[in-house]
Amino acid sequence: MAAATEPGARAWLGGGSVRPSSPASSPVLGARGHARQGPGPGSERAGGRAPGPAAAGHSFRKVTLTKPTFCHLCSDFVWGLAGFLCDVCNFMSHEKCLKHVRTPCTGIAPSLVRVPVAHCFGPRGLYKRRFCSVCRKGLEAPALRCEVCELHVHPDCVPFACSDCRQCHQDGHQDHDTHHHHWREGNLPSGTRCEVCRKTCGSSDVPAGVRCEWCGVQAHAVCSTALAPECAFGRLRSMVLPPSCVRLLSRNFSKMHCFRIAEAVVPEPGDRDNGADGIATGVLGREALVAPESGKQTLKIFDGNDAIRRNQFRLVTVPRLARSQEVLEVALRAYCVIEDARDFELQALPLPSLSGDTQALGKTGLSGPVEEEGSRVSGPQESMPEAWVIRSLPRTQEVLKIYPAWLKVGVAYVSIRVTPQSTAQTVVLEVLPLFGRQVEGPESFQLVEVLMGSKQVQRTVLADEEPLLDRLRDIRQTSVRQVSQTRFYVTESRTVTPHVSLFVGGLPPGLSPQEYSHLLHEAMATKAAVVSVSHVYNSQGAVVLDVACFAEAERLFMLGRDTMVRGRPLSLLVLPDVLHMKLPPDCCPLLVFVNPKSGGLKGRDLLCSFRRLLNPHQVFELTNGGPLPGFHLFSQVPCFRVLVCGGDGTVGWVLGALEEIRHRLACPEPSVAILPLGTGNDLGRVLRWGAGYSGEDPFSVLVSVDEADAVLMDRWTILLDAQEASSTENSVVDTEPPKIVQMSNYCGIGIDAELSLDFHQAREEEPGKFTSRFHNKGVYVRVGLQKISHSRGLHRELRLQVEQQEVELPSIEGLIFINIPSWGSGADLWGSDSDPRFEKPRMDDGLLEVVGVTGVMHMVSTGAQRAALRAPTGPLSLACLCPGPGAGWAALWDPHRPGFLFPSHAPQGYSCAGGW
């Protein structure tokens with residue numbers, strides 16, 4: 001047995017090169033010197049084997065170059081006609097750079113992952129000048145990108161990607177307070193400078209250089225080893241919610257659910273709706289889709305029963321006269337298997353087996369090895385079976401790596417020899433002394449099998465009498481590749497108290513906790529023994545459930561997404577716990593709200609960018625539950641800031657929710673910054689955030705938010721009291737309850753409100769057409785032209801009182817109450833001319849400006865006349881004697897009833913004034 005020290009396997013860039021004699025090293029594929037020819041890049045031709053042992057698990061061979069090629073280590077041009085190419089991952093290198101290669105091969109990368117964390121792949125998209133992290137080739141076709149980190153992969157490379165996403169919270173598995181750099185290779189902009197040597201480390205031609213996905217430090221792969229392993233989160237450290245301060249026990253939830261990311265339907269490689277044979281061209285077979293050259297043939301290769309059942313295979317092209325051992329090595333490389341080829345064989349797979357029962361596969365040998373070593377595959381193509389399956393030969397013993405589930409230990413893993421007599425209990429007994437826990441009884445520990453899939457990490461507790469050799473054989477029978485993605489951990493047999501917080505929105509407002517519990521029990525049959533209501537937001541119709549059972553939490557989550565309560569669909573979110581007592585003293589995390597439907601629909605890209613730059617737990621999509629879940633998550637944070645990405649309506653939505661929940665927050669007055677994504681963006685203009693977002697770097701946006709100054713802004717509470725204009729004694733007065741809304745920008749009644757209402761209704765009917773800011777303004781113009789001849793005489797239907805004194809209104813068609821010096825996408829209705837009667841309006845002066853407009857042309861003209869009226873914070877009322885529309889950001893007034901409007905001054909709030 002042997003033990004590997006932690007620096008050797010802690011992180012592939014932080015621990016130096018892998019020593020061939022250490023347990024962390026892997027056998028070099030094809031090291032016995034056979035001449036091989038496998039499918040490589042189309043610009044290279046096969047040559048001799050690279051001298052000496054391969055670095056970082058690569059299988060380099062010397063190739064002849066036929067087109068301009070760049071080194072993946074130094075990103076320099078490869079001069080001459082020779083380079084060194086890895087047959088497994090397509091890593092290209094100068095001969096002089098071979099000894100400096102630190103980037104691990106795809107075949108051994110899973111074994112170097114420090115803490116396995118699954119990825120969250122979004123929908124397919126086009127990513128120009130990006131490279132796949134598995135096969136290192138360009139992403140010309142639609143590809144996938146992780147929503148949390150910078151991983152880019154081809155769809156058929158997803159099964160081979162490492163589960164090395166960012167660890168954004170503590171989940172009870174290998175939790176630690178010291179945070180290390182999380183390096184991601186490639187896809188750096190051209191001209192990027194190395195943090196160590198200050199030379200260029202980025203390239204748009206090859207995946208070169210590395211970047212920490214937390215602090216943003218960029219360096220050469222070799223230079224990164226000179227940096228300290230601890231990460232301080234870089235320039236945004238005061239805005240990032242530290243992972244050590246977030247706890248989420250997510251045993252039965254995928255990472256997509258934990259981060260509130262909409263799940264995209266990503267078909268598995270080879271899946272077809274019509275059941276036809278799929279094609280997974282894979283790491284080396286991307287050129288195999290074309291007809292093979294003369295003298296070569298294309299074979300289908302499966303790696304186990306699971307691939308046969310799913311009909312997922314890879315195509316490899318080999319010479320017709322290739323030796324059987326050469327075919328086997330090419331097949332293993334196609335599946336990134338770098339174990340000794342002598343431990344495997346190829347079995348012919350008859351066509352009926354592709355759709356038949358796979359239970360008997362491997363029990364009745366379909367055939368033996370393809371040929372004896374040294375024989376050749378010859379004859380016409382019809383004599384060669386169409387499909388082959390890789391099988392592992394029986395083994396009487398095997399070397400197995402056992403990892404400790406706790407991090408404070410002197411070794412990363414220990415290697416032990418497993419025999420037919422080895423069970424999970426005997427392995428625990430053998431490894432405890434090696435981990436320094438021999439004084440503790442073995443009954444306090446258990447062996448856990450961890451499958452590190454790219455999209456999900458699955459943990460299985462093994463029974464004490466489980467034969468490990470049989471377990472490994474079953475894994476290889478399912479997939480020979482799956483063994484490299486499987487780890488065995490020794491964990492403490494402690495009972496984990498389940499605790500899952502579920503946010504439930506969409507409930508009827510105004511109920512008591514008991515009524516909400518009864519309502520949820522009727523809708524979803526909640527179990528009272530394990531489900532309790534911890535927080536109630538009755539004004540918003542939402543509750544937070546504490547669930548003390550993982551299975552029940554998963555059932556409620558899946559069931560609740562398809563449940564209707566009183567005609568309204570429920571919205572359920574999994575929320576973590578913020579450990580506010582562990583936050584650093586200088587930490588003021590940023591709570592981000594993004595509306596992906598605002599303005600030019602740029603919110604979707606911003607969501608992904610902010611999730612990668614910050615902790616994804618602090619980024620919320622407003623179309624999924626609204627702003628309330630975010631404020632609930634940050635309710636105990638002593639100091640935080642808010643960034644709202646959307647239009648003026650979105651900002652008003654968030655500010656209104658903040659006003660209602662302010663009394664429950666440890667930070668009742670957080671500063672609010674704006675990233676204007678809407679059509680008008682009047683508040684963003686006033687606060688110097690610009691007329692609209694036009695693709696600025698999201699990192700620069702966050703830096704501007706961090707450097708912005710806090711300014712005060714008035715908030716106004718408007719009471720809308722709809723009443724009948726007149727009624728007799730015997731008539732029944734049908735009144736509606738008053739409506740209370742919050743206003744920050746302006747509120748109007750009349751012609752301007754009609755335009756806003758018509759635009760709002762048009763967007764609700766056909767939201768797919770409102771995809772750009774320019775189109776939205778065009779709709780406003782079209783609606784305005786339709787009402788250009790509109791004449792109503794609104795002054796005869798309104799009665800305005802200020803401090804109990806009635807104000808005579810001129811002939812107008814609209815009346816607007818303005819709090820900020822910007823209206824209708826930048827117009828200053830009050831005017832910029834000085835007036836000796838009034839001071840210059842400000843948004844923090846406690847006064848409202850009242851402006852009357854005479855029609856559409858008056859609104860669109862510059863320098864519109866203003867009413868000589870400024871309303872103080874005292875009583876102000878507006879009586880509407882006839883039905884008419886009113887609007888703040890949308891329709892605030894019931895168009896079917898007359899009534900009263902009472903603005904009153906609310907407590908001022910802090911906003912961030914800045915810009916970029």
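Just so we're aligned, residue 1 is where the sequence shown starts under full-length UniProt numbering, counting upward by one. All residues carry an ideal CB built from backbone N, CA and C; glycine is no exception.
For Tyr-413, tell me which candidate among Pro-442, Pro-585, Arg-487, Arg-323 has the shortest Cα-Cα distance. For the residues Pro-442, Pro-585, Arg-487, Arg-323, the minimum Cα distance to Tyr-413 belongs to Arg-487.
Whole-Å CB distance - His-119 paired with Leu-139, under 8 Å assumed: About 16 Å separates the beta carbon of His-119 from that of Leu-139, a gap too long to meet the 8 Å contact definition.
Taking the Cβ atom as the reference point for each residue, do Cys-201 and Ala-228 lie within a distance shorter than 8 Å? No.
Quick one: is Ser-43 buried, meaning 16 or more other Cβ sit within 10 Å of its Cβ, or exposed? In this prediction, Ser-43 scores a pLDDT of 41, lower than 50, which makes its location untrustworthy; the coordinate-derived value is nonetheless stated afterwards. Burial call: exposed.
Quick check on Cys-231: does DSSP put it in helix, strand or coil? It is coil, neither helix nor strand.
Is the beta carbon of Val-850 less than 8 Å from the beta carbon of Leu-794? Not closer than 8 Å, so no.
Secondary structure at Glu-554, three-state DSSP: helix, strand or coil? Glu-554: helix per DSSP, three-state reduction.
In three-state DSSP terms, what is Asp-714? In the displayed model, Asp-714 falls within a strand according to three-state DSSP.
Exposure label - Pro-467; buried when at least 16 CB within 10 Å: Buried, by the Cβ-count rule.
Whose C-alpha, out of Gly-107, Pro-207, Leu-112, Arg-198, is nearest the C-alpha of residue 932? Given a span of 1 to 916 for the chain in the structure shown, any question on residue 932 remains unanswerable.
Excluding five sequence neighbours on each side, which residues of the same chain lie with their C-beta closer than 7 Å to the C-beta of Pro-698? Leu-606, Ser-609, Phe-610, Leu-613.
Could you pull the DSSP bridge partners for Gly-814 from this structure? For Gly-814, which the question treats as bridged, DSSP gives the partners Gly-750, Val-853.
Lys-739 bridges to which residues according to DSSP? In the DSSP assignment, Lys-739 forms a beta bridge with Leu-720.
Assuming His-535 is part of the beta strand (DSSP E), what are its boundary residues? Residue range 531 to 537 is occupied by the beta strand (DSSP E) that includes His-535.
For Lys-62, which beta-bridge partners are listed by DSSP? In DSSP, Lys-62 forms a bridge with Phe-84.
In whole angstroms, give me the CA-to-CA distance for Leu-712 and Phe-817. Leu-712 and Phe-817 have their C-alpha atoms spaced approximately 19 Å apart.
Continuous alpha helix (DSSP H) stretch holding Glu-430: start and end: Counting along the chain, the alpha helix (DSSP H) containing Glu-430 begins and ends at 424 to 431.
Per DSSP, what kind of secondary structure is Leu-665 in: helix, strand or coil? Three-state DSSP puts Leu-665 in coil, outside helix and strand.
Helix, strand or coil, according to DSSP, for Phe-503 in the structure here? In the structure shown, Phe-503 sits in a strand (DSSP, three-state: E or B).
Between Arg-641, Leu-655, Asp-706, which lies nearest to Gly-647 when the distance is taken from Cα to Cα? Nearest in C-alpha terms to Gly-647, of all of Arg-641, Leu-655, Asp-706, is Leu-655.
With distance defined between alpha-carbon atoms, name the residue in Cys-86, Asp-709, Pro-242 nearest to Leu-583. Across the set Cys-86, Asp-709, Pro-242, the C-alpha of Pro-242 shows the shortest separation from the C-alpha of Leu-583.
How many Å lie between Glu-443 and Thr-497 at the Cα? Distance from the CA of Glu-443 to the CA of Thr-497, rounded to the nearest whole angstrom, comes to 20 Å.
Selected residue, minimal CA-CA separation from Ser-484, among Ala-387, Thr-491, Ile-475: Out of Ala-387, Thr-491, Ile-475, Ile-475 has the C-alpha closest to the C-alpha of Ser-484.
Local Cβ density within 10 Å of Ala-528, reported as buried at 16 or more and exposed below that: Note on Ala-528: under 16 other CB atoms within 10 angstroms of its CB, so exposed under the neighbour-count rule.
Between the C-alpha atoms of Ala-348 and Val-389, what's the straight-line distance to the nearest angstrom? Here the alpha carbons of Val-389 and Ala-348 stand approximately 7 Å from one another.
Classify Phe-121 as helix, strand or coil using the three-state DSSP reduction. Taken through DSSP and simplified to helix, strand or coil, Phe-121 comes out as strand.
Can you tell me which of Ala-710, Ser-744, Arg-566 puts its alpha carbon nearest to the alpha carbon of Trp-716? Of Ala-710, Ser-744, Arg-566, the residue nearest in Cα terms is Ser-744.
Indicate the three-state DSSP secondary structure (helix, strand or coil) for Thr-225 in the structure shown. In the structure shown, Thr-225 falls within a helical segment according to DSSP collapsed to helix, strand and coil.
Taking the DSSP output, what are the residues bridged to Ala-673? Looking at the DSSP output, Ala-673 bridges to Leu-643.
Would Leu-126 be called buried (16 or more neighbouring beta carbons within 10 Å of its own) or exposed? Under this definition Leu-126 is an exposed residue.
Alpha helix (DSSP H) segment containing Phe-699, residue limits: Segment 698 to 707, the alpha helix (DSSP H) holding Phe-699.
Go ahead and label Arg-437 buried or exposed: buried means 16 or more other beta carbons lie within 10 angstroms of its beta carbon, across all protein chains shown. Buried: at least 16 other Cβ atoms inside 10 Å.
Counting along the chain, where does the beta strand (DSSP E) carrying Phe-435 start and finish? Note, Phe-435: premise wrong, no beta strand (DSSP E); not H, not E.
Check Met-256 in the structure and name its three-state DSSP category. If DSSP states are grouped into helix, strand and coil, Met-256 belongs with the helices.
Under a Cβ-count criterion, where at least 16 other Cβ atoms within 10 Å of its own Cβ denotes burial, should Gly-505 be classed as buried or exposed? A residue is called buried once 16 or more other Cβ atoms fall within 10 Å of its Cβ, and Gly-505 is buried on that count.
Between which two residues does the alpha helix (DSSP H) harbouring Pro-404 extend? Pro-404 -> not in any alpha helix (DSSP H); beta strand (DSSP E) instead, spanning 398 to 404.
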